[in-house]
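Residue numbers (my numbering): 5 to 179.
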Amino acid sequence: LHYPLRRQRQMCIRDRSRGEKSWVDEKIRGDFILWVHDKEQFSSHLKMYYVLNKIEQLRDELNRSCNFQCSKTQIQLACYPGHGSKYVRHLDSFIGGTNRRITALYYLNTDWKKEDGGCLRMYLDHMNLKGKEKNDLVKDIEPIADRLLLFQSRRIEHEVLPTSKQRFSLTTWFY
């Protein structure tokens, strides 16, 4: 899955969902992305097809059990090519911007080691966690295969730390 997508140029440089390929400042964001518009794009890749089906099931379960009322998702496959590529601290949704409510990150990196870098750093200091030291309000999460993270798109600032190894993630935004 990973190498052939990059080699065939199916992944583009950070189009920011507007259809443009204009954001190329690798000091801010150093990944390549592929927007997943239909799970049938991956019908020949059983693992990805399975994961995309599970994402649909997760949305349905959130709607059913939490009265989430999500009618739209947006899915992006991202590849950080290594060589120090990263994504600086940011939110996935902004006041007055998109209506992204939950971000789901699913990692596809087998044989990942801590020294490969590329952790997701989550900043929890805005959550009013009383009595916590500043260091306790940052959480680094390794991008190991089959790990799924869910967080509020409007509240959790995060960044991808520099990675020395090719790193893949599938991000789903629930609206």
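Where is the CB? At the ideal position from N, CA and C, for every residue including glycine.
query, result
"Simplified DSSP assignment, three categories, for residue 54", "helix"
"Straight-line gap, residue 115 to residue 83 (C-alpha atoms, nearest Å)", "16 Å"
"Nearest residue (CA-CA) to residue 98, options 159, 69, 170", "159"
"Neighbour-count burial assignment, residue 113, 16 or more Cβ in a 10 Å radius", "buried"
"Exposure label - residue 32; buried when at least 16 CB within 10 Å", "exposed"
"Check whether residue 104 and residue 177 have beta carbons under 7 Å apart", "yes"
"Cβ-based burial, residue 93 [other Cβ within 10 Å; buried from 16]", "exposed"
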